[in-house]
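Visitor:
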Amino acid sequence: MHSLIQAIILGILTGGVYALMASGQTLIFGIMKVVNLAQGALVVLGAYLTYTLFTQLGIDPFLSILITTPLLFLVGVGVQYVLLRPLHGDDVAQLSLLVTFAIALGVEGVLSFAYGSTLTNVQPAYANFSWTILGYQVSLVRFVAFLLSLVMLGLLYLILQRTKFGRSVRATVQNPMSAQLLGVNANRVSALGFGLGAATAAAAGSVFGMLNSFNPGSHYDLISRLLTIVVLGGLGSIGGSVVAALVMGVASSVVSALASPIWSDFTFFIVLLLVLLIRPRGLFGARTRGAL
Amino acid sequence: MQLHIHGPRSRRVRLLASVSALALGALTLAGCSAASPTASSSGPLKIGISLSLTGDFSDSGKAAQRGYDLWASVTNKAGGVLGRQVKLSIVDDASSPDQVVTNYTNLITQDKVDLVFGPYSSLLTVPASRVASRYHYAFIEPAGGGPSVFAQKLTNLFFVQPAPTTKGGDVFANYILSLPANKRPKTAGYAKLDDPFSAPIAASIQKRFEAAGIKTVYDQTYPAETADMTPIMSGMSAANPDVVVGGSQEADAFAQIKGMIQLKFNPKWLFESNGANSPGDFPAAVGANTEGVFSSADWYADSTIAGSSKFISDYVAKYGGDAQKIDPTSAEAYSAGMLLDQVAKKTGKIDNATIIKTLHSGTWPTLVGNLSWDQYGAPKGAYLLIQWINGKLTTVYPSATAQHAPVAPKPHWAG
Chain A
1 MHSLIQAIIL GILTGGVYAL MASGQTLIFG IMKVVNLAQG ALVVLGAYLT YTLFTQLGID
61 PFLSILITTP LLFLVGVGVQ YVLLRPLHGD DVAQLSLLVT FAIALGVEGV LSFAYGSTLT
121 NVQPAYANFS WTILGYQVSL VRFVAFLLSL VMLGLLYLIL QRTKFGRSVR ATVQNPMSAQ
181 LLGVNANRVS ALGFGLGAAT AAAAGSVFGM LNSFNPGSHY DLISRLLTIV VLGGLGSIGG
241 SVVAALVMGV ASSVVSALAS PIWSDFTFFI VLLLVLLIRP RGLFGARTRG AL
Chain B
1001 MQLHIHGPRS RRVRLLASVS ALALGALTLA GCSAASPTAS SSGPLKIGIS LSLTGDFSDS
1061 GKAAQRGYDL WASVTNKAGG VLGRQVKLSI VDDASSPDQV VTNYTNLITQ DKVDLVFGPY
1121 SSLLTVPASR VASRYHYAFI EPAGGGPSVF AQKLTNLFFV QPAPTTKGGD VFANYILSLP
1181 ANKRPKTAGY AKLDDPFSAP IAASIQKRFE AAGIKTVYDQ TYPAETADMT PIMSGMSAAN
1241 PDVVVGGSQE ADAFAQIKGM IQLKFNPKWL FESNGANSPG DFPAAVGANT EGVFSSADWY
1301 ADSTIAGSSK FISDYVAKYG GDAQKIDPTS AEAYSAGMLL DQVAKKTGKI DNATIIKTLH
1361 SGTWPTLVGN LSWDQYGAPK GAYLLIQWIN GKLTTVYPSA TAQHAPVAPK PHWAG
């Protein structure tokens, strides 16, 4: 019983970090119908930025989020403007897959050139600290990361629900044509949306760098996880991706601790298959377009 | 001992490797044995090497390059091999098993190099050594020690490390079983990375522990993509074994230790087959929590083996930096060159047939120990047991070469 509860605590805290990464992924899909294969690479880029700020300038990894998120927001906007906006026609979805994969490879190449392929991680003094609560261990970094994810997701919610930009996003998600007729600048919404998605990757990257050793190739495993989370949650649903990330976190942690790590990812895929059999659009996938 | 598989792309690369190995096998079957291209026996001694200067293994590939280059420049300063200046032809294989085949074929048939040395990793050594074997070249290789290398049963191959990679942990079992029965651990837990270089190391230790009555209370194998080891360590911590054996590569070893610290689980003995033997990366990844962790190694900066301090001073003079940051791969590559020097001195000749025949008998001192091989190139020695003591890697077993007695039980985590 003790092992089970410990595993659930670990799973929820880890799931929170994945929720943050996946929320950006699903937001981008919701707005642009682009499956962003570069999201994992952007997380790794965020981790390397945090690493550099920490080792060169001594900036605390959590504080560095204030620098990395705006930076990657701009990168995201730039990428959308230069590489995705020019795509036209019926093949946009397929083409964008290739373009975002190319971006991922490009980011990986640049990082390999700059940092080499050796594993690295961000190691502040408190990286391994944990509290003992009722006999259970709660890691400081994971706990703060979880809170941070909640804050970031809350901010994202407020932006989408309470701002003019958010209204434009939701309108674009529901019906891009009508939104444009009503004066919404679809290009602008797409660029800012991609920027927001990249910004969530930056925040998640700072935390990812403290929790895991990483190298420029780490994005392959990340993106496969993110895609399964987004599909389970329902493509385009931020709430769905949060729930799916928590389900994945808890399922893999509990199976790892109590059964075998070999089965942990597999279990998640079984859950994914079952959900898709019953609800082909995922847990919270919209029956009609527009439930972001 | 060094890592032979890196990063998440390794599975893809491994797939490529199997495909190219199949293709190569078919080629070899279809064709007959090729004649050895005639290389000149005067003028500079040309040695061809393919290395991973880009791609997944680039950091280790460059470390091997530094070792080879250093050996060549030291040897040339001392008058060369049998009076011939050494000239290395190093080409990049981008960590690709296909490119490595092309490279060695070109080096041997087009560039007509006199000799070849091995590439980095077992993945590339397997296809490369088949090319060398086809042309009857000796294949002295410092970085391919996996089971697939020796399973080829090539008689021209010599692995320049003390033992095959899967025997990396045997020295830890020797140490534990050398303790009096009442001081030995009673229970053991194993966390094994599912790859041919890692899990077998822990399995080999486990077999000997179980035969000696050390009970297995936790035993899990995890796939290579497991980034977060905390759930596994939470199972380990619940089982509370006296000794924890990690059959690990680098990232997972660091993650295991981070998991143990966060769960406040401190075993009496902790052995990690890889990762903890990295003098620079390990402290960078786990901070001050290195103390008391065991691993195994062939060469490291404080090694007391003959020639090591000269190697270090030459290395630092040529490349700068400090001794602790020298990758063991550089010492292993350098040792490949040392073998050539010795064969030349002993026989007065330096052709492939002589090298192959000569190395098959006798014992050969190098930076990574006194080497001798079985007929298929598997070294017959053992690694050194090393432990982090006062922030430094220290040899603790076998006693004859130990710099310090093993520290047990392991001190508490620094946090």
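As given, the protein sequences belong to chains A and B, one line each in that order.
Using the numbering used here, read the first sequence as starting at 1 and increasing by one per residue.
Using the numbering used here, read the second sequence as starting at 1001 and increasing by one per residue.
Note that the Cβ used here is the ideal one computed from N, Cα and C, for glycine as well.
Any beta carbon of chain A sitting closer than 8 angstroms to that of Gln980 (chain B)?
Guide: Only positions 1001 to 1415 of chain B appear in this structure, which leaves residue 980 (chain B) out of reach.
Visitor: Taking Lys1318 (chain B) as the reference, which of B:Asp1056, B:Asp1327, B:Lys1046 and B:Leu1070 has the closest Cα?
Guide: When only C-alpha atoms are compared, the closest one is B:Leu1070.
Visitor: Please confirm if the segment 1131 to 1148 of chain B is in contact with the segment 1102 to 1115 of chain B, defined as three or more CB-CB distances below 8 angstroms between the two stretches.
Guide: Judged by Cβ distances under 8 angstroms, the segment 1131 to 1148 of chain B makes contact with the segment 1102 to 1115 of chain B, as three or more pairs qualify.
Visitor: Residues of chain A with CB under 8 angstroms from Gly1446 (chain B), in chain order?
Guide: Shown here, chain B extends from 1001 to 1415; a query on residue 1446 (chain B) therefore has no answer.
Visitor: In the structure shown, what three-state DSSP assignment does Phe1209 (chain B) receive?
Guide: The answer is helix: DSSP assigns Phe1209 (chain B) an H, G or I state.
Visitor: Measuring alpha carbon to alpha carbon, tell me which of B:Lys1380, B:Ala1224, B:Leu1053 and B:Arg1066 ends up nearest Thr1320 (chain B).
Guide: The amino acid occupying residue 1320 (chain B) in the given sequence is Gly; Thr does not appear at that position. Of the listed residues, the one whose Cα sits closest to Gly1320 (chain B) is B:Arg1066.
Visitor: Taking the alpha-carbon of Ala1143 (chain B) as reference, which of B:Lys1345, B:Ile1355, B:Ser1399 and B:Tyr1334 has the nearest alpha-carbon?
Guide: Looking at the Cα atoms, B:Tyr1334 is the closest of the given residues.
Visitor: So which residues on chain B does Thr267 (chain A) lean against when the C-beta distance must stay under 7 angstroms?
Guide: In chain order: nothing, as chain B lies at least about 12 angstroms away.
Visitor: In terms of residue numbering, what span does the beta strand (DSSP E) encompassing Leu283 (chain A) cover?
Guide: Segment: none, Leu283 (chain A) is in no beta strand (DSSP E) and carries neither H nor E.
Visitor: Checking 8 angstroms against the spacing of the C-beta atoms, do Phe284 (chain A) and Gly209 (chain A) come in under that value?
Guide: Contact flag unset, no.
Visitor: Using a C-beta to C-beta distance shorter than 7 angstroms, which residues of chain A count as neighbours of Ser1234 (chain B)?
Guide: Simply Ser3, Gln6, Ala7, Leu10 and Ala257.
Visitor: Okay, do the segment 53 to 71 of chain A and the segment 198 to 215 of chain A touch, 3+ Cβ pairs below 8 angstroms being the bar?
Guide: A contact exists between the segment 53 to 71 of chain A and the segment 198 to 215 of chain A.
Visitor: Comparing alpha-carbon positions, which option in A:Gln6, A:Ala47, A:Gly15 and A:Lys33 lies nearest Phe214 (chain A)?
Guide: Taking only the C-alpha atoms, the option nearest Phe214 (chain A) is A:Ala47.
Visitor: According to DSSP, simplified to helix, strand and coil, what is Glu1291 (chain B)?
Guide: In the structure shown, Glu1291 (chain B) sits in coil (DSSP, three-state: anything other than H, G, I, E or B).
Visitor: If the cut-off is 7 angstroms on Cβ atoms, which residues from the segment 1077 to 1090 of chain B count as contacting chain A, listed in chain order?
Guide: So the list is empty, because no residue satisfies the distance condition.
Visitor: Would you call the CB atoms of Ser1198 (chain B) and Gln1161 (chain B) closer than 8 angstroms?
Guide: No, they are not a contact pair.
Visitor: At the 8 angstroms Cβ level, is Gly217 (chain A) part of the contact set with chain B, yes or no?
Guide: Yes, Gly217 (chain A) counts as interfacial toward chain B.
Visitor: Buried or exposed: which applies to Asp1228 (chain B), given that a residue is buried once 16 or more other Cβ atoms fall within 10 Å of its Cβ?
Guide: Label assigned to Asp1228 (chain B): buried.
Visitor: For Ala1021 (chain B), which residues from the same chain have a beta carbon less than 7 angstroms from its beta carbon, with the 5 sequence-adjacent residues on both sides left out?
Guide: Bear in mind that a pLDDT of 42 at Ala1021 (chain B), under 50, signals an unreliable position, so the model cannot answer this.
Visitor: How many whole angstroms separate the CB atoms of Pro1282 (chain B) and Val1245 (chain B), which I take to be in contact at a CB cut-off of 8 angstroms?
Guide: Checking the sequence shown, residue 1282 (chain B) turns out to be Phe, not Pro. With 8 angstroms as the limit, Phe1282 (chain B) and Val1245 (chain B) do not qualify as a contact, their Cβ atoms being about 17 angstroms apart.
Visitor: I'd like to know if Leu20 (chain A) contacts chain B, where contact means its C-beta is closer than 8 angstroms to some C-beta of that chain.
Guide: For Leu20 (chain A), the answer is no, since every Cβ of chain B falls outside 8 angstroms of its Cβ.
Visitor: Report the neighbours of Ser1058 (chain B) on chain A: residues whose CB is nearer than 8 angstroms to its CB, in chain order.
Guide: Those within 8 angstroms of Ser1058 (chain B) in chain A are Ser112, Gly116 and Ser117.
Visitor: In or out: Leu273 (chain A) buried (at least 16 other Cβ within 10 Å) or exposed?
Guide: Its Cβ having fewer than 16 others within 10 Å, Leu273 (chain A) is exposed.
Visitor: Ser1198 (chain B) by DSSP, collapsed to three states: which one?
Guide: Residue state, collapsed to three classes: coil.
Visitor: Whole-angstrom Cβ separation of Ser1204 (chain B) and Lys1167 (chain B), contact assumed at under 8 angstroms?
Guide: Contact flag correct, Cβ pair sits at about 7 angstroms.
Visitor: List in chain order: all unbroken beta strand (DSSP E) runs of 3+ residues lying wholly within the segment 1114 to 1171 of chain B.
Guide: Taking only runs of at least 3 residues, the beta strand (DSSP E) segments lying wholly in the segment 1114 to 1171 of chain B are 1115 to 1117, 1139 to 1141 and 1157 to 1159.
Visitor: Between which two residues does the alpha helix (DSSP H) containing Leu1107 (chain B) stretch?
Guide: Where Leu1107 (chain B) is concerned, the enclosing alpha helix (DSSP H) stretches over Pro1097 to Thr1109.
Visitor: Take the Cβ of Gly1145 (chain B) as the centre, count every other Cβ of all protein chains shown within 10 Å, and call the residue buried at 16 or more, exposed below.
Guide: The residue is buried, with at least 16 neighbouring Cβ atoms inside 10 Å.
Visitor: Could you pull the DSSP bridge partners for Lys164 (chain A) from this structure?
Guide: BP columns for Lys164 (chain A) are empty, so no partner.
Visitor: Indicate the three-state DSSP secondary structure (helix, strand or coil) for Lys1410 (chain B) in the structure shown.
Guide: Looking at Lys1410 (chain B) - three-state DSSP - the assignment turns out to be coil, as it is neither helix nor strand.
Visitor: Here's a check: name, in chain order, each residue in its chain whose Cβ is nearer than 7 angstroms to the Cβ of Tyr1175 (chain B), leaving out the five neighbours to either side.
Guide: These residues qualify, in order along the chain: Leu1385, Tyr1397 and Pro1406.
Visitor: If you measure from the beta carbon of Asn1289 (chain B) to each beta carbon in chain A, is any gap under 8 angstroms?
Guide: Closer than 8 angstroms: yes.
Visitor: Give me the Cα-Cα distance between Arg142 (chain A) and Leu111 (chain A), rounded to the nearest whole angstrom.
Guide: For Arg142 (chain A) and Leu111 (chain A), the distance between alpha carbons rounds to 26 angstroms.
Visitor: Gly154 (chain A): which of A:Asp90, A:Ser64, A:Ser3 and A:Gly24 sits nearest, CA to CA?
Guide: With distances taken between Cα atoms, Gly154 (chain A) lies closest to A:Gly24.
Visitor: Rounded to the nearest angstrom, what separates Asp1195 (chain B) and Thr26 (chain A) at their Cα positions?
Guide: Taking the straight line joining both Cα atoms gives about 34 angstroms.
Visitor: Relative to the C-alpha of Asn1352 (chain B), which residue among B:Lys1186, B:Leu1157 and B:Phe1150 is closest?
Guide: Comparing Cα-Cα distances from Asn1352 (chain B) to each of B:Lys1186, B:Leu1157 and B:Phe1150, the minimum goes to B:Leu1157.
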